[in-house]
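Novice: Below is a structure I'd like to ask you about.
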Amino acid sequence: MAECAPYDVLIVGGGPAGQAAALRLHGAGLKIGVVDEQPRPGGQILRQPPATFVAADWMEERSYRPLKRQLGRFEAAPDVEWLGGSSVLGIEPGSAPGVHGLTVATPEGATGIRTRRLLVATGCYDMPLPLAGWTLPGLFTTGGLQAFVKSQGFVPGQRIVLVGTHPLQLLVARQVLQAGGRVERVVFVQPRSALLRPFLRRAGGGLVGGNALLAAARAWRDLGAAGTKVAFGLKPVRVAGEQHVSGLVLARSDGTEEHLECDAVGLCFGFLPQSDLPRMAGLAMERQGRLRAFSARHDEWMESDVAGIFVAGETTGVAGADAACVKGALAGLGMLHSLGRISEPSARKEAAPLRRRLARLLAFADLLDRVADPSGCYPEVDDQTILCRCEDVTYGSVRAALGTCGSANAVKLLTRCGMGPCQGRNCEFSLLRLMHGPSRCEDAGFTVRFPVRPVPIGDLTG
Ligand SMILES: Cc1cc2nc3c(=O)[nH]c(=O)nc-3n(C[C@H](O)[C@H](O)[C@H](O)COP(=O)(O)OP(=O)(O)OC[C@H]3O[C@@H](n4cnc5c(N)ncnc54)[C@H](O)[C@@H]3O)c2cc1C
1162 MAECAPYDVL
1172 IVGGGPAGQA
1182 AALRLHGAGL
1192 KIGVVDEQPR
1202 PGGQILRQPP
1212 ATFVAADWME
1222 ERSYRPLKRQ
1232 LGRFEAAPDV
1242 EWLGGSSVLG
1252 IEPGSAPGVH
1262 GLTVATPEGA
1272 TGIRTRRLLV
1282 ATGCYDMPLP
1292 LAGWTLPGLF
1302 TTGGLQAFVK
1312 SQGFVPGQRI
1322 VLVGTHPLQL
1332 LVARQVLQAG
1342 GRVERVVFVQ
1352 PRSALLRPFL
1362 RRAGGGLVGG
1372 NALLAAARAW
1382 RDLGAAGTKV
1392 AFGLKPVRVA
1402 GEQHVSGLVL
1412 ARSDGTEEHL
1422 ECDAVGLCFG
1432 FLPQSDLPRM
1442 AGLAMERQGR
1452 LRAFSARHDE
1462 WMESDVAGIF
1472 VAGETTGVAG
1482 ADAACVKGAL
1492 AGLGMLHSLG
1502 RISEPSARKE
1512 AAPLRRRLAR
1522 LLAFADLLDR
1532 VADPSGCYPE
1542 VDDQTILCRC
1552 EDVTYGSVRA
1562 ALGTCGSANA
1572 VKLLTRCGMG
1582 PCQGRNCEFS
1592 LLRLMHGPSR
1602 CEDAGFTVRF
1612 PVRPVPIGDL
1622 TG
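Per my numbering, residue 1162 is the first one in the sequence shown, and the count goes up by one each step.
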């Protein structure tokens, strides 16, 4: 990937949003590239196995079919250059007039790429949930556990327990069963009625998102048939184990505890938008959803406040893969218009049905956000519990630092919380929650620095 003439459009992220944007742009005579740190396109939801694997029954659940069709069209588009296995480390907006620069770690080393229009469609990641024992081997986020199953057909545990507030854990549990694994229990922290009633109340009105609900219902049925119990109203207290996870301790509503034996635990409490690149590039951000997570602000064409830099998909707020596709298509249309390849009236006409569909999908996402809201179920954490996993910083150290300072950046300087390889993805949200209560995290967070991904120093100097 040697430095060459600027791309007309460079897309960071080959998930549903990035694919939809590329498909709207293709055929217009543009030089289009898609960079992704995964070797193959698909994003989080369609994480593909390596090309050398034979996986005939990969992601067969009905609800994935439209996305698989889009992926097939994307992979067949001849004018979309796939730059896989490459991480974007930083963005320099306006590195030259009308051009944005990116530094990208490729398998051959770091390189610079320039582009006239940039789309950041980097998705989301699982919300981390610190609790006692969460650094033991065998503790996963549910998405992390699922990544093994999707991309390798590998189940990382013999006896798995999933716990959380998000219905996605039903789908993941079934994927584990289909891959030959065993799920001891799927535990929802909220009572059954709090999970089901909001969906049932809206179902009569022809709820958009019905496919996702049906998929969850089918998964629940299959779990029952396989003997996996789905439990409600139990809160995680601590992960048990010495060298490895050996169990999960849950609290019942009457205050008594239940100990479940297992060797792997998946935590499923929702998702946070991937905000590192937009924040590093200085794009205007806002707080989204009940988690008040950082997400990139944009106009009706998904363009950020920096001209020529567009954002789409879950980088702009967690709303599911269908909404990501619509936002990606709108961004593609917006970039076509801003490059003078489509007139404004034509773009508006094409965008109108997309916007109507997006409004319905966002209403469903809001409902899901409400149902899966983890505020109120965070475990109590003592001073010995690790908050920053990369730098082994405890809650005790952070609480002591907060006695003398009041910003996330100051805590970082005093304790090294957020200075490690993940650059705060695992600790920033919990730190902000500690500072400002369960749902109000109004601090600006850590200042995001280059490089946003770990990279060998020789790759940069070479
Ligand atoms: C682990 C995980 C599993 C999920 N599984 C499901 C599921 O089974 N079902 C479901 O309905 N929803 C699932 N979701 C939610 C799902 O991710 C979204 O609804 C959908 O994939 C969002 O599409 P997107 O295009 O916005 O982002 P994504 O699909 O996340 O695509 C973003 C892409 O950007 C790439 N990227 C990020 N940062 C960089 C960088 N710095 N440099 C280069 N590339 C980068 C990533 O590798 C990724 O491929 C999951 C989310 C996560 C985090």
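All C-beta atoms in this analysis are idealised placements derived from N, C-alpha and C, irrespective of residue type, glycine included. Just so you know, these numbers come straight off a predicted model, no measurement behind them.
Helix, strand or coil: which one does DSSP assign to Tyr1539?
Specialist: Note: Tyr1539 maps to coil in three-state DSSP.
Novice: I need the boundaries of the alpha helix (DSSP H) containing Asp1437, first residue and last residue.
Specialist: That run of the alpha helix (DSSP H) goes Asp1437 to Met1441.
Novice: Counting C-beta neighbours from all protein chains within 10 Å, is the total for Gly1342 16 or more, i.e. buried, or is it exposed?
Specialist: So Gly1342 ends up on the buried side.
Novice: Please state the DSSP three-state secondary structure of Ser1414.
Specialist: Of the three classes helix, strand and coil, the one that applies to Ser1414 here is coil, per DSSP.
Novice: Taking only three categories from DSSP, how would you classify Pro1397?
Specialist: Strand.
Novice: Whole angstroms are fine: how far does the CA of Thr1264 sit from the CA of Met1162?
Specialist: The predicted model places Met1162 with a pLDDT of 45, which falls under 50 and marks its position as unreliable, so this point remains unresolved.
Novice: What are the boundary residues of the beta strand (DSSP E) that includes His1261?
Specialist: Val1260 to Thr1267 is the span of the beta strand (DSSP E), which, as asked, contains His1261.
Novice: Taking 6 Å as the line, does the beta carbon of Pro1177 fall inside it for any heavy atom of ligand 1?
Specialist: Yes, since a heavy atom of ligand 1 falls inside the 6 Å radius drawn around the Cβ of Pro1177.
Novice: Could you pull out every residue in the same chain whose Cβ sits closer than 8 Å to the Cβ of Met1446, ignoring the five residues on either side in sequence?
Specialist: Within the same chain, Met1446 has close Cβ partners Ser1436, Pro1439, Arg1440, Phe1455, Ser1456, Ala1457 and Arg1458.
Novice: Pull up the CB-CB distance for Asp1240 and Ile1274, whole angstroms please, since I reckon it's below 8 Å.
Specialist: Their Cβ separation, rounded to whole angstroms, is 17 Å, which puts Asp1240 and Ile1274 out of contact at 8 Å.
Novice: Between the Cα of Gly1489 and the Cα atoms of Glu1221, Cys1583, Ser1536 and Thr1476, which residue gives the shortest distance?
Specialist: It is Thr1476 whose Cα lies nearest to the Cα of Gly1489.
Novice: When you measure from the CB of Glu1475 to every non-hydrogen atom of ligand 1, does any distance come out below 6 Å?
Specialist: Glu1475 Cβ: within cutoff of ligand 1.
Novice: Less than 6 Å separating the Cβ of Ala1485 from some heavy atom of ligand 1?
Specialist: Within the cutoff, so yes.
Novice: Alpha carbon to alpha carbon, what distance is there between Val1426 and Gln1584?
Specialist: So the alpha carbons of these two residues sit roughly 24 Å apart.
Novice: Could you tell me whether any non-hydrogen atom of ligand 1 is closer than 6 Å to the CB of Asp1197?
Specialist: Yes, the Cβ of Asp1197 comes within 6 Å of a heavy atom of ligand 1.
Novice: Short of 7 Å in beta carbon distance, which residues of its chain neighbour Glu1603, apart from the five on each side in sequence? Order them along the chain.
Specialist: Taken in chain order, the residues that qualify are His1597.
Novice: Are Glu1589 and Phe1607 touching if we call contact CB-CB under 7 Å?
Specialist: Taking 7 Å as the Cβ cut-off, Glu1589 and Phe1607 qualify as a contacting pair.
Novice: Would the beta-carbon of Gly1481 be found less than 6 Å away from any heavy atom of ligand 1?
Specialist: Correct: Gly1481 has its Cβ closer than 6 Å to ligand 1.
Novice: Return the Cβ separation of Cys1423 and Arg1320 in integer angstroms, given the expectation that the two are a contact with Cβ distance under 8 Å.
Specialist: At roughly 5 Å, the Cβ-Cβ gap stays under 8 Å, so Cys1423 and Arg1320 are in contact.
Novice: If you reduce the DSSP assignment to three classes, tell me which class Leu1361 lands in.
Specialist: Residue state, collapsed to three classes: helix.
Novice: Report the rounded CA-to-CA distance for Gln1209 versus Phe1360, giving the unit in angstroms.
Specialist: Spanning the two alpha carbons is a distance of roughly 31 Å.
Novice: Which partner residues does Phe1471 have in the DSSP bridge list?
Specialist: In the DSSP output, where bridge partners are listed per residue, Phe1471 has Leu1280 and Glu1464.
Novice: Mind checking whether the beta-carbon of Cys1423 lies closer than 6 Å to any heavy atom of ligand 1?
Specialist: Checking every heavy atom of ligand 1 against the Cβ of Cys1423, none is found closer than 6 Å.
Novice: Measure the C-alpha to C-alpha separation of Ala1373 and Gly1501 and round it to an integer number of angstroms.
Specialist: Computed Cα separation, rounded: 37 Å.
Novice: Among Glu1269, Arg1517, Val1215 and Arg1277, whose alpha-carbon lies nearest the alpha-carbon of Val1467?
Specialist: The candidate whose alpha carbon is nearest that of Val1467 is Arg1277.
Novice: Going by C-alpha to C-alpha distance, which of Gly1478, Gln1199 and Ala1282 sits closest to Ile1470?
Specialist: Closest by alpha carbon: Ala1282.
Novice: Please confirm if the segment 1178–1196 is in contact with the segment 1480–1498, defined as three or more CB-CB distances below 8 Å between the two stretches.
Specialist: Because the criterion of three Cβ pairs below 8 Å is met, the segment 1178–1196 and the segment 1480–1498 touch.
Novice: Looking only at DSSP bridge pairs, what is Gly1325 linked to?
Specialist: Note: Gly1325 sits in a beta bridge opposite Phe1349 and Cys1429.
Novice: Run the CB neighbour count on Glu1541, radius 10 Å, all protein chains shown included, and call it buried at 16 or more, exposed below.
Specialist: With fewer than 16 Cβ atoms within 10 Å of its Cβ, Glu1541 is classed as exposed.
Novice: Could you pull the start and end residues of the alpha helix (DSSP H) that Glu1589 belongs to?
Specialist: Start and end: Glu1589 to His1597.
Novice: Check Lys1488 in the structure and name its three-state DSSP category.
Specialist: In this structure, Lys1488 counts as helix in the three-state DSSP scheme.
Novice: Under the criterion of a Cβ to heavy atom distance below 6 Å, does Ser1624 qualify as lining ligand 1?
Specialist: With the chain covering only 1162 through 1623, there is no way to say anything about residue 1624.
Novice: Considering only their Cβ atoms, is the gap separating Leu1323 from Ala1334 smaller than 7 Å?
Specialist: Against a cut-off of 7 Å, the Cβ pair of Leu1323 and Ala1334 comes out as a contact.
Novice: I believe Thr1576 touches Val1559 by the beta-carbon criterion, under 8 Å. Please report the beta-carbon distance rounded to the nearest angstrom.
Specialist: The pair is a contact, with the Cβ atoms about 6 Å apart (cut-off 8 Å).
Novice: Name the residue from Arg1230, Arg1550, Leu1279 and Thr1296 whose alpha carbon lies nearest to the alpha carbon of Ala1442.
Specialist: The candidate whose alpha carbon is nearest that of Ala1442 is Leu1279.
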